[in-house]
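J.:
In the working numbering, the protein residues as written are 30 to 210.
1) Residue 102 and residue 87 look like a contact to me (Cβ under 8 Å); what is the Cβ gap, rounded to whole Å?
2) In whole angstroms, give me the CA-to-CA distance for residue 159 and residue 39.
3) Whole alpha helix (DSSP H) runs in the region 76 to 124 with 4 or more residues, listed along the chain?
4) Between the C-alpha atoms of residue 98 and residue 137, what's the straight-line distance to the nearest angstrom?
5) Tell me the DSSP secondary structure of residue 179 in three-state form.
6) Can you grab the Cα-Cα spacing for the pair residue 107 / residue 169, in whole Å?
7) To which residues does DSSP link residue 172 through a beta bridge?
8) Would you call residue 109 buried or exposed, if buried means 16 or more other Cβ atoms sit within 10 Å of its Cβ?
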């Protein structure tokens, strides 16, 4: 049964746009963005034809450390004043050999630099009617990007040979969608 190009929006109380990076080569520092919007269009019940657009406000970054957050918003990293938003637009959803697992291809824009990226996407299912009468769908999105590809180039080489901040950024986004049309 088709959903007639149904639209869904991110449920901000059950979605987290998260990331983590190696710090000093010995631990990970994680964070998330508090302010974002996104919508999904899909005609198929299994979302195998989904189209995704997500806009994230850089100024909403939170790593549980105000000083670090201010540094991340500065020109060494995101330059939130000049580039206030990052954006992801899907271009293709590729099936895999495992049911409900896909490769989500898209264009990621950070600091006005757009690069193709591929994330793992697991479709967790649909709740046709939650206790409040809403239809919800769940996904888990994960993958890695190289921050250098997007002009996030600040770093310090430590005496140990490790970098202060790894180039690899792990993306981890549990998503709950709310059906709106």
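All residues carry an ideal CB built from backbone N, CA and C; glycine is no exception. Quick caveat, the model's predicted, so the values are computed rather than measured.
T.: Based on what the coordinates show:
1) Translated into the one-based positions of the chain shown, residue 102 becomes position 73. Translated into the one-based positions of the chain shown, residue 87 becomes position 58. Yes, residue 102 and residue 87 are in contact; Cβ-Cβ is about 6 Å, under 8 Å.
2) Within the chain shown, the letter at position 130 stands for residue 159. Within the chain shown, the letter at position 10 stands for residue 39. Cα atoms of residue 159 and residue 39: separation of roughly 15 Å, rounded to the nearest angstrom.
3) For the region 76 to 124, the full-length alpha helix (DSSP H) segments reaching 4 residues or more read 95 to 102 along the chain.
4) In the chain shown, the residue the question calls residue 98 occupies position 69. In the chain shown, the residue the question calls residue 137 occupies position 108. Their Cα atoms are separated by approximately 21 Å.
5) For the purposes of this step, residue 179 is taken as residue 150 along the chain shown, with counting starting at 1. Three-state DSSP puts residue 179 in a helix.
6) Along the chain shown, one-based indexing puts residue 107 at 78. Along the chain shown, one-based indexing puts residue 169 at 140. Each residue's alpha carbon lies about 25 Å from the other.
7) As a first step, residue 172 must be located in the chain shown, where it is residue number 143. Assignment of beta-bridge partners to residue 172 by DSSP yields 200.
8) For the purposes of this step, residue 109 is identified with residue 80 of the chain shown, where counting begins at 1. By the 10 Å Cβ count, residue 109 comes out buried.
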